[in-house]
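Residue numbers (our numbering): 38 to 552.
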Amino acid sequence: MRAPALLASADEAIAAIPSGSTVAVSGFVGSGHPEMLTLALERRFLQTGTPTDLTLYYCAGQGDRCVRGLNHLAHAGLLKRIVGGHWNLAPKLGSLALANSVEAYNLPQGVLSVLTREIAAKRPGLITKVGLNTFVDPIHSGGMLNARTTEPLVERMQLDGETWLRYKYMPIHVALIRATYADPRGNLSMEGEGIISEVLPMAQAAKNHGGIVIAQVESIVDQIPDPKSVRIPGILVDYIVTSGGLHHDQTFGESFIEDFVVTSPGSFTLPVMPESDRKRIGARALQEVRAGDIVNLGIGLPEAVAMVAAETGRLHEFTLTVESGPTGGVPASGLSFGCSHFPEAIIDQPAQFDFYDGGGLDIGVLGAVEIDAEGSVNVASFAGRFAGVGGFVNIAQGARRLIFCCTFEAKGQPKFVQKIQHVCFHGPTAIRNGQQVLYVTERAVFELTPHGLRLIEITEGLDLQSDILAKMEFPPSSASQTLDVGKSQAAKSVPLSPPLMHNTCPSFSPGRGLG
């Protein structure tokens, strides 16, 4: 008869982590992170100097931009290597990478999420086209972030005459996961969690590699009555740490919101956005979302699309999804991003990325930091920081139609530049794959063509030369005709072609563009 999982304190359980092991941590942004466990691991290292030389493996970059989440683990000596999908909410990890203090890799969030299942099954890695021709492709940097990082984790390969990437297998020895309830045999359920993430494959991977699984739960219950609600079988769990509610907020933004775990037939009210560039961009992007579409909205500026849709009564026309697993409802924002208000369903993150990677998204609305003449986009690095790509690469490559939303400039610095710092989306590859792509700003709208960016709309009242072309480091592909007209030519007098995907927004000159 198997021994049940041990009920232990966080310090007792963490003491079982051996030096040199690979530690996988579950969660998404501010949701589902086992805060009590990472806090205890930091405490043990600072008090005893052990464990050392850990490899940290995570998919979604859990943190609060300050001290919580994976920021607890940002200590040279404790970590030898970091393999992660997103870095922006754990800036202390980013500081280690930029200082060349640890080996550091940034790989797509969806790849790492699905790769966890391959590791659990001891298969030779994940073979996919996600990441081709971006900075995670080994013909560029292979996702390696500093000089200290030299071991390739990604390789190009040919199968049936096509080019693929293989993200290599790596063992996982320890899984730090979180659930809501545990029964006496260690079975775990997640009734109070807004996401599921990849808790099951992480636990399976650690168990199959002879390692340990430590689960933080809110409390112990006598029985979990519905076996289908058990997300992690007790046979996988070695230690259970009860939080009693301490360090077990539903997200780093909210202690608990029932909206995130129930389906409601009623409507959800979003605040009305004040008039702003952000709202104008969201309204223009919304014009491209069609009735019946399956949609993903990125974090940040793309969230304005949902707010404008709510204000204009269009939220019911399409289905919003989040890469973390929710389908339907309205995605939450800030440190609760990853959850959704009144979702229709919540699946695990690897399954959601299977759907995205296979072309299930009708349209993705994403942010952009830099854009070049061929339509390639950087979202990974800016202002001296490395934020990482998160789920951007999967979504941008998988969606049939794409809208990149950004302001035209950032504090006077151009966003349309000759050379971007990291290629996170490759424009020429999108053209070859038949994707339709728009770039929406408060000043102008561009479409992606085989010849690069083409200006198709400008905000009425702006001067084409001084307000747009002079603030770009390259001319749009069809701008040469316009430049011949004269530098003082007003934008509204330039004949425009129809937009790429849908009707124009009244905020922009309807039916105007560069012919």
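Beta carbons: idealized from backbone N, C-alpha and C, even for Gly.
Note that the structure is a prediction, hence the values are computed from the model and not measured.
| Item | Value |
| --- | --- |
| By the three-class DSSP mapping on this structure, what secondary structure does Ala320 have? | helix |
| Whole angstroms are fine: how far does the CA of Ile261 sit from the CA of Tyr206? | 34 Å |
| Compare the Cα-Cα distances from Arg268 to each of Glu312, Gly282, Ile214, Pro175 and report the closest residue. | Ile214 |
| Tell me, to the nearest whole angstrom, how far the beta carbon of Asp174 is from that of Leu202; I am working on the premise that it is less than 8 Å. | 7 Å |
| Should Arg185 be counted as a contact of the ligand GDP given a C-beta to heavy atom distance under 7 Å? | No copy of the ligand GDP appears in this structure; indeed no ligand is present at all. |
| So, helix, strand or coil for His353, using DSSP? | helix |
| Among all the DSSP beta bridges, which residues are the ones paired with Phe82? | According to DSSP, Phe82 bridges with nothing at all. |
| Would the beta-carbon of Glu484 fall within 8 Å of that of Ile432? | no |
| Assuming contact is defined by CB atoms lying nearer than 8 Å, are Glu381 and Thr300 in contact in what I supplied? | yes |
| Look up Gly489 in the DSSP assignment and give the residues it is bridged to. | Thr486 |
| Any chance you could list the alpha helix (DSSP H) runs of at least 4 consecutive residues sitting entirely within the segment 81-168, in chain order? | 128-135, 146-157 |
| If you follow the alpha helix (DSSP H) that Lys244 is in, where does it begin and where does it stop? | 236-245 |
| Compute the Euclidean distance between the alpha carbons of Gln99 and Gly122, then round it to the nearest angstrom. | 10 Å |
| Beta carbon of Ser234, beta carbon of Ser63: below 8 Å? | yes |
| Does DSSP put Tyr206 in a helix, a strand or coil? | coil |
| Report all residues from its chain with a CB closer than 7 Å to the CB of Val454; omit the five preceding and five following residues, and keep chain order. | Glu407, Asp409, Glu510 |
| Count the other CB atoms within 10 Å of the CB of Lys452; is the residue buried (16 or more) or exposed (fewer)? | buried |
| For Leu130, does the count of other Cβ atoms within 10 angstroms reach 16, so buried, or fall short, so exposed? | buried |
| Output the distance between the C-alpha atoms of Pro71 and Thr496, rounded to the nearest integer angstrom. | 47 Å |
| Taking the C-alpha atoms as reference points, what is the distance between Gly67 and Asp500? | 43 Å |
| Since Ala252 contacts Leu225 with CB under 8 Å, what's their CB separation in whole angstroms? | 6 Å |
| When burial is assigned at 16 or more other CB atoms within 10 Å of the CB, is Thr519 buried or exposed? | Note on Thr519: pLDDT 40, under 50, position unreliable in the model; the coordinate value appears next. Flag for Thr519 reads buried. |
| Tell me which same chain residues have a C-beta within less than 6 Å of the C-beta of Thr186, skipping the five on either side of it? | Glu140, Ala141 |
| So, with DSSP's three-state summary, where would you put Asp500? | strand |
| Assuming Ala77 contacts Ile51 (C-beta within less than 8 Å), just tell me the rounded distance between them. | 4 Å |
| Would you kindly check if the distance between the Cβ of Ser503 and the Cβ of Val460 is under 8 Å? | no |
| Shortest alpha-carbon distance to Leu490 belongs to which of Gln458, Glu479, Leu506? | Leu506 |
| By Cβ distance below 6 Å, which residues in the same chain neighbour Gly57 in space, the five residues on each side in sequence not counted? | Asp90 |
| By the 10 Å Cβ neighbour count, where 16 or more other Cβ atoms means buried, how is Lys244 classified, buried or exposed? | buried |
| Do Ala388 and Cys443 have their beta-carbon atoms positioned less than 8 Å apart in this structure? | no |
| Which partner residues of Pro380 appear in the DSSP bridge assignment? | Partner(s): none; Pro380 has no beta bridge. |
| Which stretch, first to last residue, makes up the alpha helix (DSSP H) that contains Gly435? | 429-435 |
| Taking the straight line between their C-alpha atoms, what separation do you get for Cys542 and Pro221? | Low per-residue confidence applies at Cys542: pLDDT is 32, beneath 50, and the placement is therefore not dependable, though the value from the model is reported in the following sentence. If you take the alpha carbons of Cys542 and Pro221, they lie about 58 Å apart. |
| Which of helix, strand or coil does DSSP assign to Thr358? | strand |
| Using a Cβ-Cβ cutoff of less than 6 Å, which residues in the same chain neighbour Gln386 once the five nearest sequence positions on both sides are dropped? | Ser150, Ser234, Glu235, Ser361, Gly362 |
| Which two residues bound the contiguous beta strand (DSSP E) that contains Thr59? | 59-62 |
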